[in-house]
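*Asks:*
Protein chains in written order, with the working numbering: chain A, 1 to 305; chain B, 1001 to 1489.
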């Protein structure tokens, strides 16, 4: 196939992945909503306490289908990313469109990998909609035709630096989603018992632990990504650190997560405060991605988005 | 007698100790860490002198009053400002104050044995008990030894501990951060950084006068420049025919490491600089230098050579100035150069492609005073025409010439120029080693679990229990393996 064909092929794969994530989203939404059983009117008249109960037996199928759609979507997305790379004859990390599709791949990949160990299917609604929004933005706003790299990006370090940055970003984002869920449920619990649909979600302690684990797992990778970037900058730009906006924000993200880890491990922060710190740290990463790529100046903005 | 209530005096040493304790406390370190992140933000939003001095000048013109206030707080030089420095210096003092005592402690504890088995295991986590059959203690000892636990054996019990490398990694990580900072300091003190524009065919000899810009570290002098030279043989740029985006830059040079050494042919690319000892030479930018000859009315050559022009867009439409101060009157050519000439109705002459498909030099000729003797530094790409008057306007292709009232200008040819950045940073290897050790230390400290396992056999009963520090997971699995082994399941 010619490079043009590969590019079209990649686009179709991305569209298919979006369709599959949409189905996964509806599957998850359905099972979240319908697993709550409302007692019929008859029981109300008998003067019993009317309580909604949680019954996932009738939504098991929807849940399994949704997860299957997520996996299938991930596979199509993987194909889309790989063929995009084939069409350009390089790794598919040359511009913001490509970062976004690879980022969505890393994000859904992190979710599916975590799924093997923890039952995170309750997160499916959020994960599928986030992936869908990322891909939608990418293909409508950020799309650029497949093209070779500018000379500064032609380096093995592109593969090392950018892939680790994208994977770190995907996991940071997942930790953020979980920290946000923590704060939401924490808020709900202070007002009374959890609503029925939320009862099957993990305990606050588990959520707290999980977001910490994700951050602790990926922090060394992020450190590596920043250092790999510094090594590359040394060979391309003549300095390993120059307070370029992208570098500055990578540093801010690093410091913020370092503070989070210290707060948890050494000072013993748990729960609400830790979740907020995790959210703040994660948002510095997002800010770096959006602001510096779109409105920023500096040496990282030669990708034409 | 009246007695005054007095606060207990701390004294100078007491006070110093108090501040030291405060500074090295974890809480302070955490606050400083967050402050550092916060303090780094303005530098990414406000233009910085170190990264983009032109944008700072622009900012001063557009928001004069705000800029003056920004400048008072060093907001155009955030990363070298006193307040930013204060935060990271305090942070590093705090770090050293934290890491040093812990290192000493850890070193002393390196060969220490785990503490004795607690009296009452029943209260501990992961407690299990069953009736003994005799050799549990011996089996437990060999299992724990095989798993590389540190073991303290007493007559009826064993206390075992594992995971010391957590603290080793932790200390290594923090120490390596100090090493990175030392690398940065060495670079700042002993480094040299400069740049030079060379047209194809020109030679660069590494001494201070050859540079267009150069800055030395605080304790570096001009004599420290290694005596290499570089001749620019050829520069080739390839562009995408559809998008005009650059696809490849290759620079061919002949280098001489020191006077008398054999010349070497080398290739420089954007990601592969030249290396001379601790000095590296980077290919940073490029453009075109038209070669022109200017003669006066009687045919004497008053100017000859390549003039680097400054690119203005992706298709390398470039502007430049040819200054001829030696004529009488002085002459100036306010010029622009396009590699692929095209005429549009709204913009005039533009370049359609960055390669030399239809090169053209467009210029207006001015005579009068170039203002070079005023002592005010001037841009090499622009001419101050306030004391001059325009006498002609024309354009030339390579090989063509133009006769005008004061003489002749010939557009001989056009060659590419490259901007070489020459950097010596003797501190960078320290920072690199620091970076690598930091990652290794981080991995060890985040993924090592420190835990204890105890076993006691008394009165025909086996008791085991465990303790995971920092609530690390996975001990229950290890405990069940341990128990299974002992019970022979």
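Every residue, glycine too, gets a C-beta built ideally from N, C-alpha and C.
Which of the three DSSP states is assigned to residue 1473 of chain B in this structure?
*Replies:* Note: residue 1473 of chain B maps to coil in three-state DSSP.
*Asks:* At what residues does the beta strand (DSSP E) containing residue 1286 of chain B begin and finish?
*Replies:* Run containing residue 1286 of chain B: 1279-1296, per the beta strand (DSSP E) assignment.
*Asks:* Going by other Cβ atoms of all chains shown within 10 Å of its Cβ, with 16 needed for buried, is residue 121 of chain A buried or exposed?
*Replies:* It is buried - the Cβ of residue 121 of chain A has at least 16 other Cβ atoms within 10 Å.
*Asks:* When burial is assigned at 16 or more other CB atoms within 10 Å of the CB, is residue 1174 of chain B buried or exposed?
*Replies:* With 16 or more other Cβ atoms within 10 Å, it is buried.
*Asks:* For the segment 1241-1266 of chain B, which residues have a CB atom closer than 7 Å to at least one CB atom of chain A, in sequence order?
*Replies:* Against chain A - using a Cβ distance shorter than 7 Å - the residues of the segment 1241-1266 of chain B are 1243, 1245, 1246, 1247, 1248 and 1249.
*Asks:* Rounded to the nearest angstrom, what separates residue 1098 of chain B and residue 1440 of chain B at their Cα positions?
*Replies:* Rounded to whole angstroms, residue 1098 of chain B to residue 1440 of chain B spans 20 Å at the Cα level.
*Asks:* Taking the continuous alpha helix (DSSP H) assigned at residue 1088 of chain B, which residues delimit it?
*Replies:* Element bounds for residue 1088 of chain B: 1082-1108.
*Asks:* Less than 8 Å between the C-beta atoms of residue 1450 of chain B and residue 1475 of chain B, yes or no?
*Replies:* Against a cut-off of 8 Å, the Cβ pair of residue 1475 of chain B and residue 1450 of chain B comes out as no contact.
*Asks:* Can you name the residues of chain B whose CB is closer than 9 Å to the CB of residue 267 of chain A?
*Replies:* Per Cβ cutoff of 9 Å: 1026, 1027 and 1030.
*Asks:* For residue 963 of chain B, count neighbouring Cβ atoms within 10 angstroms of its own Cβ and tell me buried if that reaches 16, exposed if not.
*Replies:* Given a span of 1001 to 1489 for chain B in the structure shown, any question on residue 963 of chain B remains unanswerable.
*Asks:* Rounded to the nearest angstrom, what separates residue 1138 of chain B and residue 1153 of chain B at their Cα positions?
*Replies:* Approximately 10 Å, taken between the alpha carbons.
*Asks:* Are at least three pairs of beta-carbons, each pair with one atom in the segment 1194-1202 of chain B and one in the segment 1220-1239 of chain B, less than 8 Å apart?
*Replies:* Verdict: yes, contact present.
*Asks:* Looking only at its chain, what residues have a beta carbon closer than 8 Å to the beta carbon of residue 1460 of chain B, apart from the 5 residues adjacent to it on each side?
*Replies:* Within the same chain, residue 1460 of chain B has close Cβ partners 1131 and 1132.
*Asks:* Decide if residue 1420 of chain B is buried, meaning its Cβ has at least 16 other Cβ atoms within 10 Å, or exposed.
*Replies:* Classification for residue 1420 of chain B: buried.
*Asks:* I need the DSSP call for residue 1021 of chain B, collapsed to helix, strand or coil.
*Replies:* Three-state result, residue 1021 of chain B: helix.
*Asks:* Just to confirm, is the Cβ distance from residue 1255 of chain B to residue 1422 of chain B under 8 Å?
*Replies:* Not a contact, by the Cβ cut-off of 8 Å.
*Asks:* Beta carbons nearer than 9 Å to chain A: which residues of the segment 1197-1221 of chain B have them?
*Replies:* For the segment 1197-1221 of chain B, which is checked against every Cβ of chain A, not one residue is closer than 9 Å.
*Asks:* Would residue 1424 of chain B pass as an interface residue toward chain A - the criterion being a Cβ-Cβ separation below 8 Å?
*Replies:* False, the Cβ-Cβ gap to chain A never drops below 8 Å.
*Asks:* Closer than 8 Å by beta-carbon distance: list the chain B residues that pair up with residue 307 of chain A, in chain order.
*Replies:* Any property of residue 307 of chain A remains undetermined from this structure, which presents chain A solely from 1 to 305.
*Asks:* Out of B:1202, B:1191, B:1166 and B:1076, which has the shortest C-alpha to C-alpha gap to residue 1102 of chain B?
*Replies:* Minimum Cα distance to residue 1102 of chain B is reached at B:1166.
*Asks:* Can you give, in chain order, each stretch of the beta strand (DSSP E) that sits fully within the segment 1431-1459 of chain B and has at least 3 residues?
*Replies:* List check, beta strand (DSSP E) in window: 1451-1458.
*Asks:* Can you give me the C-alpha to C-alpha distance between residue 1177 of chain B and residue 1188 of chain B, rounded to a whole angstrom?
*Replies:* Computed Cα separation, rounded: 17 Å.
*Asks:* If we define contact as Cβ-Cβ less than 8 Å, is residue 1231 of chain B a contact residue for chain A?
*Replies:* With 8 Å as the cut-off, residue 1231 of chain B does not count as an interface residue toward chain A.
*Asks:* Residue 249 of chain A and residue 284 of chain A: beta carbons closer than 8 Å?
*Replies:* Their beta carbons are under 8 Å apart, which means residue 249 of chain A touches residue 284 of chain A by this criterion.
*Asks:* Would you kindly report the start and end of the unbroken beta strand (DSSP E) that includes residue 1193 of chain B?
*Replies:* Run containing residue 1193 of chain B: 1192-1199, per the beta strand (DSSP E) assignment.
*Asks:* Please classify residue 1488 of chain B as buried or exposed, where buried requires at least 16 neighbouring CB atoms within 10 angstroms.
*Replies:* Under this definition residue 1488 of chain B is an exposed residue.
*Asks:* At a Cβ threshold of 8 Å, is residue 1099 of chain B touching chain A?
*Replies:* Output row for residue 1099 of chain B: interface = no.
*Asks:* Under 8 Å between C-beta atoms, does residue 285 of chain A make it to chain B?
*Replies:* Chain B contact via Cβ: absent.
*Asks:* To the nearest angstrom, how far is the alpha carbon of residue 1338 of chain B from that of residue 1084 of chain B?
*Replies:* Distance between the alpha carbons of residue 1338 of chain B and residue 1084 of chain B is about 45 Å.
*Asks:* For residue 258 of chain A and chain B, any beta-carbon pair shorter than 8 Å?
*Replies:* Judged by the 8 Å Cβ criterion, residue 258 of chain A is in contact with chain B.
*Asks:* If the cut is a Cβ gap below 7 Å, which residues of chain A does residue 1320 of chain B touch?
*Replies:* Within chain A, no residue comes near residue 1320 of chain B; the closest Cβ sits about 24 Å away, beyond 7 Å.
*Asks:* Under DSSP, the beta strand (DSSP E) around residue 1341 of chain B begins and ends at which residues?
*Replies:* Looking at the DSSP string, the run of the beta strand (DSSP E) that includes residue 1341 of chain B is 1341-1344.
*Asks:* Within this structure, are the beta carbons of residue 208 of chain A and residue 274 of chain A separated by less than 8 Å?
*Replies:* Cβ atoms of residue 208 of chain A and residue 274 of chain A: closer than 8 Å.
*Asks:* Going by DSSP in three states, residue 1480 of chain B sits in which element: helix, strand or coil?
*Replies:* Helix at residue 1480 of chain B.
*Asks:* Quick check on DSSP: helix, strand or coil for residue 257 of chain A?
*Replies:* Helix at residue 257 of chain A.
*Asks:* Between A:170, A:277, A:223 and A:271, which lies nearest to residue 204 of chain A when the distance is taken from Cα to Cα?
*Replies:* Of the listed residues, the one whose Cα sits closest to residue 204 of chain A is A:271.
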